[in-house]
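Working notes, structure below.
Number of protein chains: 2
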Amino acid sequence: MANTAGQAKSAKHAKIHEAFDAYLARLGLRQTKQRRVIVEAVLQIGPHVDAEAITAQARQLDSSVGLATVYRTLQLMTAAGLLLEHSFNKDRSTFEFVGPDREHHDHLICNQCGCIVEFCDDSLEELQEQIARKLGFRLKTHRMELFADCTNPETCTRRASTKGH
Amino acid sequence: MANTAGQAKSAKHAKIHEAFDAYLARLGLRQTKQRRVIVEAVLQIGPHVDAEAITAQARQLDSSVGLATVYRTLQLMTAAGLLLEHSFNKDRSTFEFVGPDREHHDHLICNQCGCIVEFCDDSLEELQEQIARKLGFRLKTHRMELFADCTNPETCTRRASTKGH
DNA sequence: TTCGCTGCAAAGGATTTGCATTCTA
DNA sequence: TAGAATGCAAATCCTTTGCAGCGAA
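Residue numbers (numbering that gives the first Met the number 0), protein chains in the order written: chain A, 0 to 164; chain B, 0 to 164.
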């Protein structure tokens, strides 16, 4: 149980560390303890992180990690394609872990329980490009969030927690 | 207070001023010269504004307008439903003027000059509903922003907020 | 006259930058 | 050893807030 999960987790983390190290090597940058610790903190906390949470987690692993280094490393990870920076909250950036493949997806947020469903629709992607082209632009990135009601309340995982029934 | 701007515009603007004054009255707040000037500045500059642009325009009408008052009034206008606050740019808020019966639309933001193009595509809207339905949800609202490069740099000048090209 | 409103300046809060020191390659 | 990376603190930048005087009702 914990063994299998732990192994799978470690293997996954190792792959990310490798990818980041490769990125650093490619640019002639150095591997440091701090960078390793910060990448690990991101992996441990989850897919959506902010600088404050990362700093707290990183300091569990190495109490001397500075805030500036966290920000600098988050920038590096973003450049490496490991993170995507969002402005969900206007006064604080959220970084989303997206893996080395730069897999793209959009988010659907449930109005009832607040759960987030990730999806990617090729037709949609294509249509967005068409629209941009028609307006005289070359699409670079986009941000899309759908806010919706679950049509099958039974499957709405966290519904009972806040919204009652 | 006498309006030195074009009279044709005044008629259209008058309605908005009335709506804001009504909002203020409803809450027992006061009409002031500054508030009128700031609302007028928003109307003059266009649908997408930021605090800096508003302050500059407002000071053309009354050089004594303070930055804090601009921010306070933008908050009031947002609460009154006249503005929508966006975070297109992560370090600076953009306020969008939304009149009484403004239709739904999405935004395309130019990576070069930051100008904003509004658009609405029925196929896109329909596709979004299909996606939500397929995931087991009933779409309520959405937020979508396209970030793109202008394919015609000559027309892409440095403008903070415009209706587009 | 009553307080809400205003301008100014200081305060805030997240993020970046300067710099002397530490440490990787 | 060279110079990249770090931690700390100061600096930024947008936005908010405290305060004493001003002004709408």
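Cβ coordinates follow ideal geometry from the N, Cα and C atoms, glycine included.
Proximal residues, the stretch 21 to 36 of chain A versus chain B, C-beta separation under 7 Å: Residues passing the 7 Å Cβ filter: none.
Simplified DSSP state of residue 66(A), which is helix, strand or coil: In the structure shown, residue 66(A) sits in a helix (DSSP, three-state: H, G or I).
Where residue 12(B) sits in the DSSP three-state scheme: Residue state, collapsed to three classes: helix.
Chain A contact residues for residue 122(B), given Cβ-Cβ distances below 7 Å: Those within 7 Å of residue 122(B) in chain A are 126.
Cβ-heavy atom distance, residue 58(A) to the ligand NAP, below 8 Å: Ligands are entirely absent from the displayed structure, and the ligand NAP is therefore not among its contents.
Sequence-distant residues of its chain with Cβ nearer than 7 Å to residue 58(A) (five each side left out): The beta carbon of residue 58(A) lies closer than 7 Å to those of 64 in the same chain, with the five residues before and after it left out.
From 125(B), 38(B), 11(B), residue whose alpha carbon lies closest to that of residue 22(B): For residue 22(B), the closest alpha carbon among the candidates 125(B), 38(B), 11(B) is that of 38(B).
Residue 92(B) versus residue 48(A): straight-line alpha-carbon distance, rounded: The alpha-carbon atoms of residue 92(B) and residue 48(A) are separated by roughly 22 Å.
Selected residue, minimal CA-CA separation from residue 183(A), among 143(A), 88(A), 31(A), 34(A): Outside the shown range of chain A (0 to 164) lies residue 183(A), about which nothing can therefore be said.
Buried versus exposed call for residue 119(A) [16 or more other C-beta atoms within 10 Å across all chains shown]: Exposed.
Alpha carbon of residue 146(A) to alpha carbon of residue 55(A), nearest angstrom: Going by the C-alpha atoms only, they are around 31 Å apart.
Residue 13(A) to residue 42(A) span [Cα, whole Å]: Cα to Cα, residue 13(A) sits roughly 10 Å from residue 42(A).
is_contact[residue 145(B), chain A] using C-beta, thresh 9 Å: Judged by the 9 Å Cβ criterion, residue 145(B) is in contact with chain A.
Residue 139(A), enclosing alpha helix (DSSP H) - first and last residue: That residue, residue 139(A), is in no alpha helix (DSSP H); its beta strand (DSSP E) goes 136 to 149.
Span of the alpha helix (DSSP H), counted from its first residue to its last, around residue 121(A): Per DSSP, residue 121(A) is one residue of the alpha helix (DSSP H) stretching across 121 to 133.
C-beta atoms of residue 36(A) and residue 73(A) nearer than 9 Å: Going by C-beta atoms, residue 36(A) is not nearer than 9 Å to residue 73(A).
Rounded Cβ spacing between residue 125(A) and residue 138(A) (contact assumed at less than 8 Å): Their Cβ separation, rounded to whole angstroms, is 10 Å, which puts residue 125(A) and residue 138(A) out of contact at 8 Å.
Buried versus exposed, by CB contacts within 10 Å (16 or more), residue 115(A): Classification for residue 115(A): exposed.
Neighbour list for residue 137(A) in chain B, Cβ cutoff strictly below 7 Å: Think of a sphere of 7 Å around the beta carbon of residue 137(A): the chain B residues whose beta carbon falls inside it are 147, 148, 150, in chain order.
Cβ neighbours of residue 11(A) in the same chain (closer than 6 Å, five flanking residues each side left out): Here residue 11(A) has no same chain residue with a Cβ atom under 6 Å from its own Cβ, once five neighbours each way along the sequence are excluded.
Inter-residue Cα distance where the pair is residue 78(A) and residue 80(B): In a straight line, the C-alpha of residue 78(A) is about 38 Å away from that of residue 80(B).
Chain A residues whose Cβ lies nearer than 7 Å to that of residue 131(B): For residue 131(B), the chain A residues whose C-beta falls within less than 7 Å of its own C-beta are 107, 145, 147, listed in chain order.
Beta-carbon proximity of residue 94(A) to residue 50(A), cut-off 9 Å: A contact, by the Cβ cut-off of 9 Å.
Listed by chain order, chain B residues near residue 116(A) by CB distance under 7 Å: Simply 134.
For residue 133(B), the nearest candidate out of 136(A), 107(A), 131(A) (CA to CA): Across the set 136(A), 107(A), 131(A), the C-alpha of 107(A) shows the shortest separation from the C-alpha of residue 133(B).
Collapsed DSSP secondary structure at residue 58(B) in the structure displayed: Reduced to three states, the DSSP call for residue 58(B) is helix.
9 Å Cβ cutoff met for residue 123(B) and residue 130(A): In this structure, residue 123(B) sits near residue 130(A), with a CB-CB distance shorter than 9 Å.
Cross-strand partners of residue 105(A) (DSSP beta bridge): Its beta-bridge partners are 118(A).
Sequence-distant residues of its chain with Cβ nearer than 7 Å to residue 103(A) (five each side left out): Answer for residue 103(A): 119, listed in chain order.
For residue 97(B), the nearest candidate out of 52(B), 82(B), 45(B) (CA to CA): It is 82(B).
Residue 34(B), buried or exposed, once every other Cβ within 10 Å from all chains shown has been counted against 16: Per the 10 Å Cβ criterion, buried.
Selection from 15(B), 26(B), 90(B), 25(B) that minimises the alpha carbon distance to residue 40(B): For the residues 15(B), 26(B), 90(B), 25(B), the minimum Cα distance to residue 40(B) belongs to 15(B).
From 140(A), 17(A), 136(A), residue whose alpha carbon lies closest to that of residue 105(A): Checking every option, the nearest Cα to that of residue 105(A) belongs to 140(A).
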